[in-house]
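Worksheet: one structure, shown below.
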Amino acid sequence: MTLSLPKPLTLSDFVRMKQCGEKISCLTAYDASFSAVMDRVGIDIMLVGDSLGMTIQGHLSTLPVTVADMVYHTRCVTHVKQRAFVIADLPFMSYPTPVIAANNAAKLMQSGGAQMVKIEGAQVEIVRSLVNQGIPVCGHLGLLPQHINQLGGYRVQGKEPKEAEQMLNAAKQLEQSGAALLVLECVPAKLAKEISLQLAIPVIGIGAGIDCDGQILVLHDVLNIGLAKRPRFSKDFLQQAGSIEAAISAFHHAVKQSQFPTLDHSF
Ligand code: KIV
Numbered sequence: 013m014t015l016s017l018p019k020p021l022t023l024s025d026f027v028r029m030k031q032c033g034e035k036i037s038c039l040t041a042y043d044a045s046f047s048a049v050m051d052r053v054g055i056d057i058m059l060v061g062d063s064l065g066m067t068i069q070g071h072l073s074t075l076p077v078t079v080a081d082m083v084y085h086t087r088c089v090t091h092v093k094q095r096a097f098v099i100a101d102l103p104f105m106s107y108p109t110p111v112i113a114a115n116n117a118a119k120l121m122q123s124g125g126a127q128m129v130k131i132e133g134a135q136v137e138i139v140r141s142l143v144n145q146g147i148p149v150c151g152h153l154g155l156l157p158q159h160i161n162q163l164g165g166y167r168v169q170g171k172e173p174k175e176a177e178q179m180l181n182a183a184k185q186l187e188q189s190g191a192a193l194l195v196l197e198c199v200p201a202k203l204a205k206e207i208s209l210q211l212a213i214p215v216i217g218i219g220a221g222i223d224c225d226g227q228i229l230v231l232h233d234v235l236n237i238g239l240a241k242r243p244r245f246s247k248d249f250l251q252q253a254g255s256i257e258a259a260i261s262a263f264h265h266a267v268k269q270s271q272f273p274t275l276d277h278s279f
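Here it is as structure tokens:
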């Protein structure tokens with residue numbers, strides 16, 4: 013008897029999903045045990061987010077997270093995963109120039125095993141340079157946790173027409189410079205819908221309404237075990253599910269069936 017291993021997902025699978033209207037399910041993952049559970053239930057993308065600064069390390073923001081921390085957790089996740097696509101965050105101040113960005117992205121990919129890196133903001137030149145060197149990049153617009161000291165709080169972004177237009181333009185520029193996925197965090201649902209419609213690349217929302225091509229949440233919010241207050245856009249899936257694996261599976265199916273997020277989780 014031969015055991016068939018699940019076929020690993022690639023970026024072209026996500027483009028195909030967008031084109032045929034299949035929602036993409038994503039969760040943050042930081043270790044091997046959860047990586048295995050997420051793979052078993054069929055989560056499409058695992059993001060080793062620098063949110064680990066808060067969820068794992070107990071800091072008040074993502075700023076203290078280092079590249080070495082990210083490599084360590086990315087390796088834990090990729091070590092056991094079979095099917096899901098793994099993205100790793102380039103942490104705060106790890107991409108100030110194209111050369112430094114490339115060196116750090118190489119560490120996440122070569123030592124960590126990440127298949128893509130995510131960077132915050134309209135970093136068009138950095139994205140172009142990474143992509144030219146064969147490094148797949150996921151953009152991240154809207155609320156940028158690495159800019160928290162400038163933003164002054166975790167608030168919805170893009171509410172004013174001028175801000176909304178700037179975000180749409182930034183999204184288009186990131187796509188043109190080669191970004192293959194885009195995360196939108198804490199963005200009005202109407203704006204996120206418009207950006208998702210105008211881009212050919214898949215758009216993954218967190219607090220960005222139902223019309224994005226996929227949804228991501230922080231694992232600790234799905235299980236309601238975070239240290240900070242759970243954000244309004246997230247949902248405790250453990251309460252009704254009864255077990256960790258059932259909660260992650262409930263999140264996955266709610267995303268696939270467009271049952272999450274509801275208006276209560278949107279802006
Ligand atoms: O670090 C993280 O977990 C993230 C998600 C909130 C998208 O960037």
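Basically my numbering = 1-based index in the sequence shown + 12.
For each residue, glycine too, the CB sits at the ideal point set by N, CA and C.
- Following the DSSP letters along the chain, one finds V27 inside the alpha helix (DSSP H) bounded by residues 23–32.
- According to the DSSP assignment, H85 belongs to the alpha helix (DSSP H) that extends over 79–92.
- Annotation: S45 to P173 spans about 44 Å, alpha carbon to alpha carbon.
- Near the ligand KIV, meaning a beta-carbon closer than 7 Å to one of its heavy atoms, we find T40, L59, G61, D62, S63, T74, D101, K130, H152, P157, V195, E197, I218, I228, V230.
- Beta-bridge pairing by DSSP links S37 to Q227.
- Residue range 57–60 is occupied by the beta strand (DSSP E) that includes I57.
- Taking all protein chains in view, the Cβ of M105 is surrounded by fewer than 16 other Cβ atoms within 10 Å, so the residue is classified as exposed.
- Between V53 and H85, the C-beta gap is not smaller than 8 Å, which leaves the two residues out of contact.
- Between the alpha carbons of E177 and L186 lies a distance of about 14 Å.
- Judged by their CB atoms, A191 and I213 are nearer to each other than the 8 Å cut-off.
- In the structure shown, G165 falls within a coil segment according to DSSP collapsed to helix, strand and coil.
- Rounded to whole angstroms, the separation of the alpha carbons of L275 and H159 is 27 Å.
- Counting other Cβ atoms within 10 Å of its Cβ, E197 reaches 16 or more and is therefore classed as buried.
- Between P103 and T78, the beta carbon gap of about 6 Å places them in contact (Cβ cut-off 8 Å).
- Of the candidates T40, S141, D56, D56 places its Cα closest to the Cα of F26.
- A contact is defined here as three or more CB-CB pairs under 8 Å, and the segment 249–269 meets this definition with respect to the segment 28–41.
- Here DSSP, grouped into helix, strand and coil, assigns I256 to helix.
- Look at H71 here: in three-state DSSP terms it is coil, with no helix or strand label.
- The three-state reading of DSSP puts K247 in coil, since its state is none of H, G, I, E or B.
- Taking the Cα positions, L194 is about 8 Å away from L153.
- Taking all protein chains shown into account, H277 has 16 or more neighbouring C-beta atoms within 10 Å of its C-beta and is therefore buried.
- When DSSP reads this structure, L193 sits in a beta bridge with C150.
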